[in-house]
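Numbers 407 to 696, taken from my numbering, label the letters of the sequence shown in order. Glycine included, C-beta positions come from ideal geometry on N, C-alpha and C.
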Amino acid sequence: MKSLFDEMAEIERTGKPAAICVITETHGSTPLKTGAKMIVYLDGKISGTVGGGTLEKEVIKNALEVIHNGSPKNFTHNLVKDHQMCCGGIVKIYIEPAQKANKLYIFGAGHIGRQVAYYAEPLNFRISIFDERKEMLNSIQISDIDKYPFHHDEILSKLTFDEDTFIIICTHLHHYDREILAYCIKKHFHYLGMIGSKRKVEITKKIFLQNNVATEAELENVDMPMGLDIGGESPAEIAISILAKLIEVKNSSSNILKLYSTETLINEDTAKDKTNEEDGNSYGCGKWNR
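The structure is reproduced here in structure tokens:
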């Protein structure tokens, strides 16, 4: 038998419409006390209990209303007056619609990646961060994220991509960024962004088009350089600009990515490019790209 915690995790993962009902306050004699929980599904089925009887029937109706409206609400039930229950007390219940958490895939656990993970933690994202450098992942002190110490070639095919997937590409190597982008650009996603300077972005587009890696239309759906142009230069400021863009896209009524030019996100004049440019495949700025 699944626990309520397991059921909530499944709801979050699948997006199945439901509401969580929690007794927040009681007065007098009541069947259950503060903290009792119940999940109500769209078909009226329940898991857990808030006391049974006519109270529970009414709470189910309240929960279905909350699922329909999409907004949390507090309800007060007088067990004698409203439900003719002999307990005679008063129960206050908070009901909140369950929300499917958006998946946030962060490729790269360097300066930018870890800051993005830190700021994204309270924003209802299920965060996964990928980096073959175990020491970089181990240095991230965030409890509620999944850390994968694998090369991207080992993990990409095992991931799920859908309209609730947000992807941040900010590894320590430019060719890693492009390899990950080449794979993800063909998948379903809500947001896909890659870090870099204007120069790196232009070279990436040129390589992708010349080698038939992606079409112009597919490249237009990538936010690169990613983030809103707030003039930030430090890792924290750049991460905030990226999260601001993610929030804007997430809260937009349209799933179509509306790109903003962010040429000043990383200053090419102050960030030294130390990659080999001879083969035309490793261009761009790498100051905070690690």
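query	result
CA-to-CA distance, His-483 to Pro-437, given in whole angstroms	12 Å
Nearest-angstrom Cα separation, counted from Asp-550 out to Gly-494	42 Å
Element boundaries [beta strand (DSSP E), containing Asn-617]	No beta strand (DSSP E) contains Asn-617, which DSSP labels as neither H nor E.
is_contact[Ala-620, chain D] using C-beta, thresh 8 Å	Of the chains in the structure shown, none is chain D; there is only one protein chain.
Paired residues, beta bridge with Asn-508 - DSSP	Phe-531
C-alpha distance - Thr-460 paired with Glu-416, whole-angstrom precision	28 Å
For Ala-425, the residue or residues it bridges with in DSSP	Val-446 and Pro-503
Cβ contact (3+ pairs, closer than 8 Å) linking the stretch 597-604 and the stretch 566-579	yes
Leu-671, DSSP secondary structure in three states	A caution first: Leu-671 carries a pLDDT of 38, below 50, which makes its placement in the model unreliable, though a value can still be read off. Correct three-state label for Leu-671: coil.
Local Cβ density within 10 Å of Ser-647, reported as buried at 16 or more and exposed below that	buried
Short Cβ contact (8 Å threshold) for Ala-425 with Ile-499	no
Pick from Lys-443, Asn-530 and Ser-563 that is closest to Leu-649, judged by C-alpha positions	Asn-530
Any 3 or more C-beta pairs closer than 8 Å across the stretch 511-518 and the stretch 526-544	yes
Same chain, Cβ closer than 6 Å to Phe-614, five either side skipped, listed in chain order	Ala-620
Distance, Ile-496 Cα to Ile-546 Cα	46 Å
Residues near Phe-556 by beta carbon distance below 7 Å, same chain, minus five either side	Phe-536 and Glu-538
Nearest-angstrom Cα separation, counted from Val-607 out to Pro-631	7 Å
Rounded C-alpha distance that separates Gly-396 from Glu-418	Outside the shown range of the chain, which is 407 to 696, sits residue 396, and nothing can be said about it.
Residue nearest to Gly-633 in terms of C-alpha spacing, selected from Asp-570, Ala-645, Gly-516 and Gly-434	Ala-645
With 16 other Cβ atoms within 10 Å as the buried cut-off, status of His-594	exposed
Extent of the continuous alpha helix (DSSP H) to which Leu-461 belongs	459-475
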